[in-house]
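Quick note: the sequence shown uses this note's numbering, first residue 549, plus one each step.
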Amino acid sequence: MTSFDSAPSLSMSRALLALAVVLLMLATTGWTAIHREPTDGASRDAALAAWERGGVAGRKLPDPEAPPRVIASFFATLVPAGRARLAERYPLVVGNLNGAPVALRYRANHIALEQARTMEKRRMRDRRLSPDGRHQASRRMHRFESLLEPGRQILAFDPGGDGRVAEVFGDLGRARRVSVIVPGVDTNVLTFERSRRKYTAPVGMAESLYAAERSASPGALPQGRIAVIAWADYTSPDGVGMDAAVGKLAEDGAVRLGALVGGLPGTAPVSLFCHSYGSVLCGVAARRLPPRVTDIAVAGSPGMRADSARGLRSTARVWAMRDADDWIQDVPYLEVGVFGHGADPVSSAFGARVLSSKGAIGHTGYFEPGTESLRNFAAIGVGAYDEVSCASGGTACRSGFSGPAELPRA
C-alpha cells in the first residue's frame with residue numbers, strides 16, 4: 549500500500565489524481581476497450597451439472613474441483629474405453645479437469661470444439677441475431693476450425709462468454725522443462741492467435757518461445773523434452789476500465805493458474821512468462837504456486853501487487869524486463885486502496901533480476917524472434933541461467949549461477 553505523510557484531504561487528492569493518470573495513460577497508449585457481443589455458446593455449467601448426476605461402472609464421478617491427485621487416481625482406475633466414454637459424454641468437463649490424462653484432455657477438447665463449431669455455424673444463419681452477432685459467430689466458428697487443425701493439442705477450452713483456451717507445444721507428458729505463457733488484457737478465444745502481429749498473441753508467443761528454447765537447449769536437455777503452454781484460460785480485463793486497474797480478475801485467474809500447475813504431469817520444473825496484466829496475475833499467484841515453479845519472469849509489467857520480489861512470498865526466482873519505449877513505464881507504479889498494482893518490478897528497490905530486452909519494440913514486442921528478450925526467456929525456460937544477459941550489461945542478474953540448472957531425471 550502506498551502511504552502518504554500529508555493530511556488526509558491532500559492524500560485523497562493525490563490518490564484521485566494518480567488514478568486519473570492511470571486511466572488516462574491506459575486510454576491513450578494502447579490499452580483500449582473492445583466491445584464483444586455475448587454468445588450462446590455451449591454451457592459448461594450445464595455440462596458440470598450433468599457430470600454431477602452421472603457415474604461410471606456404478607461409481608459416482610469425482611468433484612471437478614477435487615485436487616489433481618484425486619482426479620488422477622480416479623482415471624487410473626478406469627479402463628481406456630471407460631475414459632473415452634467420459635470424454636465423449638462430458639467433453640467440456642473432462643477437457644478441463646486438472647489431473648486427467650493429458651491425451652484424454654486433448655481428445656475431449658477436440659470433441660468440445662467440434663460441438664462449439666457446429667453451434668456457431670447455426671448462429672451464423674440465425675436471423676434473430678444482429679448482423680454484428682452473426683459476424684461474431686462467423687469469427688468464432690473460424691477460430692474453432694483453426695483450433696481443430698490436426699496436430700493441435702488443446703489443454704483447456706470453454707466457449708462460454710468470450711471463451712478461454714490453452715494449448716500445448718511439445719510433449720507435455722515427457723517434458724523435462726515446462727514453460728507457461730500468461731498473457732495480459734484483451735485475451736480471449738478470438739485473440740488467442742493472430743495472422744498479423746503474430747507474436748503479440750498467446751499462440752505466437754508460445755510458438756516463438758518453443759522454437760527459441762529448442763535452439764537454446766543445453767546438452768543435458770534433448771530438444772524433444774521441452775513443452776510450452778499458451779495459457780489463456782482465465783478471464784482477462786477488456787482493455788481500459790476498472791478491471792484493468794484493480795486485481796479482482798488477477799485474483800480469480802491466480803486460482804486457475806495454480807490449478808493448472810498443480811495438475812501438470814510429471815515433476816519437471818516450470819517457468820512462468822507473464823506479460824502486462826498477466827504479471828499482475830502471476831504476482832498474486834506466486835505465494836500459492838507449488839515449488840516446481842522455479843522461475844517467474846515478467847515483461848511490460850504494471851506491477852505484481854507486491855512491494856518487492858521478497859513480498860511475493862515465493863521460492864521461485866523473479867526476473868523482470870521492460871524495453872525503453874514500452875508505454876507501461878509511464879503508468880504510475882502505486883497501490884491506492886484497490887487501485888494500482890504496486891511497485892515497479894524493474895526498479896532496483898523491487899529486487900528482481902533485471903534482464904535485457906534489447907531489440908524488443910513497444911509493449912508487445914518481447915516475444916519477437918531475434919530479440920534479446922526472447923533469448924533471455926528461452927535461456928530461463930531451459931535452465932541455462934548462465935546464458936542470460938542483464939539489463940545493465942553486467943552480471944548482476946546472473947549472480948548465484950555457475951552453469952545450467954540440474955535437470956530432473958527422466
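C-beta atoms are modelled at their ideal positions from N, C-alpha and C, and glycine is treated no differently.
Kindly identify the DSSP beta-bridge partner or partners of residue i.
| i | result |
| --- | --- |
| glycine 890 | Ala854 |
| serine 819 | Ser727, Asp843 |
| isoleucine 928 | Beta-bridge pairing links isoleucine 928 to no other residue. |
| leucine 922 | Answer by DSSP bridge pairing: none, since leucine 922 is not bridged. |
| glycine 603 | Lys608 |
| cysteine 547 | Residue numbering for the chain in the displayed model covers 549 to 958; residue 547 lies beyond these limits and cannot be assessed. |
| asparagine 646 | Ala648 |
List the endpoints of the continuous alpha helix (DSSP H) containing residue i.
| i | result |
| --- | --- |
| phenylalanine 692 | 679-695 |
| glycine 810 | 796-810 |
| alanine 754 | 750-764 |
| tyrosine 933 | Per DSSP, tyrosine 933 belongs to no alpha helix (DSSP H) and is neither H nor E. |
| leucine 640 | 639-642 |
| alanine 617 | What sits at residue 617 in the sequence shown is arginine, not alanine. Where arginine 617 is concerned, the enclosing alpha helix (DSSP H) stretches over 616-624. |
| glycine 848 | Run containing glycine 848: none; DSSP gives neither H nor E here. |
| alanine 900 | Looking at the DSSP string, alanine 900 is not in any alpha helix (DSSP H), and its letter there is neither H nor E. |
| valine 828 | 825-833 |
Which residue's Cα is closest to the Cα of residue i: the options?
| i | options | result |
| --- | --- | --- |
| alanine 833 | Lys796, Ala816, Gly848 | Lys796 |
| serine 947 | Gly941, Asp934, Ala939 | Asp934 |
| arginine 744 | Ile659, Ser937, Glu916 | Glu916 |
| aspartate 874 | Val866, Gly890, Gly910 | Gly910 |
| serine 591 | Tyr638, Tyr758, Ala926 | Tyr638 |
| glycine 859 | Arg870, Phe925, Pro893, Leu695 | Pro893 |
| isoleucine 774 | Trp867, Val902, Val728 | Val728 |
| glycine 856 | Asn646, Phe898, Asn924, Ala845 | For the sequence presented, residue 856 should be read as serine rather than glycine. Of Asn646, Phe898, Asn924, Ala845, the residue nearest in Cα terms is Phe898. |
| valine 726 | Arg700, Glu761, Pro615 | Glu761 |
| proline 698 | Gly647, Ala927, Arg655, Thr919 | Arg655 |
| glycine 808 | Ser849, Ser895, Arg617 | One detail in the question is off: residue 808 reads as leucine in this sequence, not glycine. Checking every option, the nearest Cα to that of leucine 808 belongs to Arg617. |
| glutamate 662 | Asp680, Gly643, Gly647 | Gly643 |
| glycine 732 | Arg865, Gly851, Ala704 | Gly851 |
| leucine 829 | Pro615, Ile659, Pro785 | Pro785 |
| proline 880 | Ser849, Ser896, Ser937 | Ser849 |
| aspartate 719 | Asp734, Ile659, Ala660, Val650 | Val650 |
| glutamine 684 | Val737, Ala620, Ser921, Gly602 | Val737 |
| tryptophan 491 | Arg861, Ala847, Ile876 | Residue numbering for the chain in the displayed model covers 549 to 958; residue 491 lies beyond these limits and cannot be assessed. |
| glycine 941 | Glu920, Phe949, Ala597 | Glu920 |
| threonine 912 | Ile619, Asp800, Ala749 | Ala749 |
| alanine 798 | Cys938, Tyr758, Tyr825 | Tyr825 |
| arginine 722 | Ala816, Cys938, Ala927 | Ala816 |
| glutamate 636 | His658, Arg742, Pro615, Ala891 | His658 |
Just to confirm the assignment, what range does the beta strand (DSSP E) spanning residue i have?
| i | result |
| --- | --- |
| leucine 703 | 701-706 |
| glutamate 715 | 712-718 |
| isoleucine 777 | 774-780 |
| arginine 665 | Premise fails: arginine 665 lies in the alpha helix (DSSP H), 650-672, not in any beta strand (DSSP E). |
| valine 879 | First-last for valine 879: undefined, no H or E at that position. |
| valine 866 | 865-869 |
At a cut-off of 8 Å, would you count residue i as near the ligand NAP, judging by its Cβ distance to the nearest heavy atom?
| i | result |
| --- | --- |
| arginine 665 | The ligand NAP is not part of this structure, which contains no ligands at all. |
Please determine if the segment 666-673 and the segment 688-699 are in contact, where contact requires at least 3 C-beta pairs separated by less than 8 Å.
-> yes
Touch check for the segment 903-910 and the segment 815-822: three-plus C-beta pairs under 8 Å?
-> no
The segment 828-840 contacting the segment 805-814, beta-carbon criterion three pairs below 8 Å = yes
Is the number of C-beta pairs between the segment 711-719 and the segment 772-782 that are closer than 8 Å three or more?
-> Between the segment 711-719 and the segment 772-782, the count of C-beta pairs closer than 8 Å reaches three or more; the two stretches touch.
At least 3 beta-carbon pairs within less than 8 Å: the segment 600-611 vs the segment 671-682 | no
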